[in-house]
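Peer 1: Structure in structure tokens, see below.
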């Protein structure tokens, strides 16, 4: 047997198959909402002292704000995922891990400075990535891909320290610390079809208006 290397076009299809249009839209909106919330928070008089350290504050607090909205949407069952809050191996930082109900895939959320970057190397992420890579095995006789019980590993990366995210990348990282395949979901225009009225509602990717988004999604769930 040998390690199977997924082709880029197959990897892109895999991303879109596991994270459909609705899910990518909600990821996008959650991250924009996190940035918008941080902007409002920094303008509050009680936090005025942080403006002298705005870059540092954005770099640290934005992760908490984005995690908050992602967890909120999952709690409200807007997307069919669960999440856990895990600590890094040294116990210094807490991070959010999102997975499907069958735990066949796992997603971590990261802030990076460039859309072409994956999250910097860290023991917890490396272990997830190594497990995923080693689970793709090509049987030499049958030429079929054999999957073991390790989940597919994805990253949802955003950046960087501005009033809005310049990019939101959803993709599959490699052990070479780059993307096998990725999609900038902040550039996608999402279409949600309301099957009852047979109309289509457009939700612009750059809109941080969460109340409008929630109304659209609630209408679809009825």
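Residue numbers (the numbering used here): 776 to 997. For each residue, glycine too, the CB sits at the ideal point set by N, CA and C.
Roughly how many angstroms lie between the CA atoms of residue 829 and residue 934, to the nearest whole one?
Peer 2: On the chain shown, residue 829 is found 54 positions in, with the first residue counted as 1. On the chain shown, residue 934 is found 159 positions in, with the first residue counted as 1. Cα-Cα distance, rounded: 15 Å.
Peer 1: Does the distance from the CB of residue 960 to the CB of residue 938 come in under 9 Å?
Peer 2: On the chain shown, residue 960 is found 185 positions in, with the first residue counted as 1. On the chain shown, residue 938 is found 163 positions in, with the first residue counted as 1. Not closer than 9 Å, so no.
Peer 1: Could you please give me the residues that DSSP links to residue 1047 through a beta bridge?
Peer 2: With the chain covering 776 to 997 only, the question about residue 1047 has no answer from this structure.
Peer 1: So what does DSSP say about residue 846, is it helix, strand or coil?
Peer 2: Sequence index remark: in the chain shown, residue 846 carries index 71 (1-based). Three-state result, residue 846: helix.
Peer 1: For residue 928, count the other beta carbons within 10 Å of its own beta carbon; 16 or more makes it buried, fewer makes it exposed. Which is it?
Peer 2: For the purposes of this step, residue 928 is taken as the residue at position 153 of the chain shown. Buried, because 16 or more other Cβ atoms sit within 10 Å of the Cβ of residue 928.
Peer 1: Buried or exposed, going by whether 16 or more other CB atoms sit within 10 Å of the CB of residue 876?
Peer 2: Working through the chain shown from its first residue, we reach residue 876 at position 101. Exposed is the call here.
Peer 1: With a cut-off of 8 Å on the beta carbons, I'd call residue 947 and residue 786 a contact; round off their distance for me.
Peer 2: As a position in the chain shown, residue 947 is number 172, starting the count at 1. As a position in the chain shown, residue 786 is number 11, starting the count at 1. With a Cβ gap of about 5 Å, residue 947 and residue 786 count as contacting.
Peer 1: Check residue 1005 in the structure and name its three-state DSSP category.
Peer 2: The structure shown does not extend to residue 1005, since the chain spans only 776 to 997, so no value can be given for it.
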